[in-house]
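Scroll down for the structure; my scribbles are underneath it.
Numbering (the working numbering), first residue to last: 295 to 389.
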């Protein structure tokens with residue numbers, strides 16, 4: 295009984311630690327973005343250039359997503375073929 299409660303405590307502590315770290319890192323990301331915007335504005339760098347970079351990045355991410363979709367479709371085909379081969383091998387080996 296004692297080990298069960300210790301395990302439960304360990305799981306709860308791990309979850310709490312994970313949530314705490316996630317909160318810390320998400321807060322740092324937001325403050326880093328805000329400071330980057332302030333620095334950019336202070337230096338006089340065009341915000342328009344940042345928007346173009348974001349647009350190019352989004353286009354690349356869309357391309358990566360499309361490539362991943364194609365790869366997963368091909369993977370599904372290979373997986374189905376392997377399933378059929380497995381069935382045939384099982385039937386031949388069993389007779």
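Ideal Cβ placement from N, Cα and C applies to all residues, glycine included.
Between the alpha carbons of residue i and residue j, how many angstroms are there, rounded?
i	j	result
residue 353	residue 366	20 Å
residue 295	residue 305	Residue placement at residue 295 cannot be trusted, given a pLDDT of 42 that sits under 50; the coordinates are not used to answer.
residue 348	residue 362	21 Å
residue 378	residue 371	11 Å
Is it buried or exposed, residue i, if we count other Cβ atoms within 10 angstroms and call 16 or more buried?
i	result
residue 342	exposed
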